[in-house]
Amino acid sequence: MSMNLTRRELLKDLGLLGAGITLAPASIVGNTVFDWDNEQTPALSRPSWVRTADKPTMEIDWEKMQRYSEWRTTRGSFVEYVGKERDDRLTKLQTENLDRWLKQNKPGYTLKDRALGVATGQGSGAQGFLPPKDATTPEKLGVPKWTGSPEDAARMVTAAMRHLGAGTIGFVQLDTNTTEKLIYAQDPDKKEMKIADVDLPSEDDKTRVIPKKARWVIAWTIPMSQETMKTAPTVLCQLTTGLTYTLNRSLQLRLQYFLAGLGYLGLGEASTNALGISPAFGTMAGLGEMSRLNRLMTPEWGPITRVFKMVTDLPLAPTKPINAGMFEFCKVCKKCADFCPSKALSFDTEPTWQVRGPWNNPGHKAFFEDSTKCRAYWRQVGTNCGLCFTACPFGTKNHAFFHEFRNALASATPVFDGALKAVDDWINPGPANPELGNPFKDPEAWWRRTDLPIFGINTSSGLSEI
Amino acid sequence: MMWLILGLIIGAGGWWLVSWTRARKLGVRWYEWLLGALAVALALLAIQNYTAFLREMEPYAASVMLALLGVPGLILAALAVFLVWWRGRKSPTKSTA
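From first to last, the protein sequence lines stand for chains E and W.
Counting in the working numbering, the first sequence runs from 178 upward without gaps.
Counting in the working numbering, the second sequence runs from 27 upward without gaps.
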């Protein structure tokens, strides 16, 4: 059968073909041409393949879960878990390695890396639990405090936080039997976190008091630079983490001023990782799913982001958890566990209720990690490593069609997860020389780039471009 | 802009190709058009992934994706051309009529 087209038919077909080619990328990268899920929070624009769900993809046993004390993590109790002798040995090793690599000019550990590392920690706002006392409140202005629906409040806070530097924003309502358990029992400084029937929050030497009326948690991400992260596990890699914490200290203070300016409380993290369990609040707010890293995995940046939270008495419409197929993908992938130099991450195919140590909080079915192994490697390389973040197939910049195709396919069905991981192995094979302290990508090449985006972050990801 | 230009090139190129095959009375079969269309689709995917991975500062991944998508595209295009040529060779009068 030969093709027999009239000129009119040919022109019509070519027109359709052209329209298809033009519209195809828009249908993949945007959520305007077709939207898979119109129940997403109205306040946040997410990739079209992200589906909301009534429950997180990770199972939670709220009855088993208790409020956890942050200082029980290896951040606060490493010496207790490994013993003083080993801790002293690791401290000595850390000092020797950092000193030797500095003098050897080892890429990623040179003087310029160290200098930039220190620099990124400077210039942040004061970080505190209590709202600032000098805020210009409605009371001082002689006007009533802001009022509106929880949906209006959610939209307003999201707009404000995007302007202040947050990546994605979600909201969780505190419930005594469930989500309230994600507020720490004790903060990193061992102060007790009390939730009491009082009108105002307070803080003394032993306690921080959250008024019972403050029933909402704002959870947000600040993305890290994927390109800088690719120099893991060096000092250069670590400084993208440091920069994100520095940026957040300013963001938190500004959010506290904003909420106080509206007439509401903003109770922040008294120090890094304080107040509540960040990945848990991020999961409940739908910012992402839990992952094999036992950390939050986001649709926008994979795990290459940090998560923060604030308690407020401003009523906010809660956002739903999401299912983007990422937790399922983790079951097959295991790439982070393979790349982890200390073998701290789980190689199990299915998550478990069984924790690996007191640094884990029971009550969720997760891929629990041996945090002491992870922390011991940090000490050896003198940084916070990050190789597992770097290895993750979802930690990509998402310009290429393949990423969108992978994300959409993984979200739709887990059947092809193995094949997608195999392709990722071809395109992201990892460091050529994975010896102690050697990076994924060449830090000296990073220093030659002068065209990286501001803060190394693609801030237009998933959102409208001005 | 790149996609608009590529769309125009493909549209004009497709129009020329159809006109040319009809003028030469090559009698291209439907499955040969299908092979050609698949080859063009794979070539477009290869171009998009190659340029985008370069933007992502991943030159190795760019090369791998170019090979993974571009080589099958070239094979399909070559197969389509070969089938037309081979049939024309078997009945030379058709192509010169």
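Don't be surprised by glycine CBs; every beta carbon is placed ideally from N, CA and C.
Note down, in chain order, every chain W residue with its Cβ under 7 Å from the Cβ of residue i.
i                 : result
Glu404 of chain E : Met83
Lys574 of chain E : Glu82
Trp603 of chain E : Val90
Using three-state DSSP, classify residue i as helix, strand or coil.
i                 : result
Gly534 of chain E : coil
Val644 of chain E : There is simply no residue 644 of chain E to check, as chain E begins at 178 and stops at 643 in what is shown.
Thr627 of chain E : coil
Pro202 of chain E : Summary for Pro202 of chain E: the model assigns pLDDT 45, below 50, so the residue's position carries little reliability, and this model does not support an answer.
Leu439 of chain E : helix
Gly479 of chain E : strand
Lys618 of chain E : coil
Val107 of chain W : helix
Gln304 of chain E : coil
Gly633 of chain E : helix
Ile372 of chain E : strand
Glu546 of chain E : coil
Leu100 of chain W : helix
Gly342 of chain E : coil
Gln363 of chain E : strand
Leu473 of chain E : strand
Thr297 of chain E : helix
Thr313 of chain E : coil
Arg26 of chain W  : One cannot answer for residue 26 of chain W here, as it falls past the ends of chain W, which runs 27 to 123.
Thr418 of chain E : helix
Arg556 of chain E : helix
Arg431 of chain E : helix
Arg223 of chain E : coil
Glu466 of chain E : strand
Would you say residue i reaches chain E, if we count a Cβ-Cβ gap shorter than 8 Å as a contact?
i                 : result
Met27 of chain W  : no
Leu71 of chain W  : yes
Leu105 of chain W : no
Val110 of chain W : no
Ala49 of chain W  : no
Ala206 of chain W : Here chain W has residues from 27 to 123 only, and residue 206 of chain W is not among them.
Ala123 of chain W : Because Ala123 of chain W carries a pLDDT of 35, less than 50, the predicted location of this residue cannot be relied on, and the following value inherits that uncertainty. No, because no Cβ of chain E sits closer than 8 Å to the Cβ of Ala123 of chain W.
Leu43 of chain W  : no
Could you pull the DSSP bridge partners for residue i from this structure?
i                 : result
Ala396 of chain E : E:Gly347 and E:Lys486
Met242 of chain E : None, per the DSSP bridge assignment.
Asn500 of chain E : E:Arg228
Leu444 of chain E : E:Val488
Glu380 of chain E : E:Arg385
Gly453 of chain E : E:Ile360
His541 of chain E : E:Ile237
Thr287 of chain E : In DSSP, Thr287 of chain E forms no bridge with anything.
Glu82 of chain W  : Answer is none; Glu82 of chain W lacks a bridge partner.
Thr529 of chain E : E:Ala543
Please compile the residues from chain W whose C-beta is within a distance smaller than 8 Å of the C-beta of residue i.
i                 : result
Phe578 of chain E : Leu71, Gln74, Asn75 and Ala78
For a cutoff of 8 Å on Cβ pairs, would you count residue i as touching chain W?
i                 : result
Val210 of chain E : Caution applies to Val210 of chain E, whose pLDDT of 39 falls short of 50 and renders its modelled position unreliable; the model cannot decide the point.
Thr627 of chain E : no
Next item on the list: Give, in chain order, every unbroken run of the alpha helix (DSSP H) that is at least 4 residues long and sits entirely within the segment 234–281 of chain E.
Entry: Scanning the segment 234–281 of chain E for uninterrupted alpha helix (DSSP H) segments of 4 residues or longer gives 251–259 and 261–281, listed from N- to C-terminal end.
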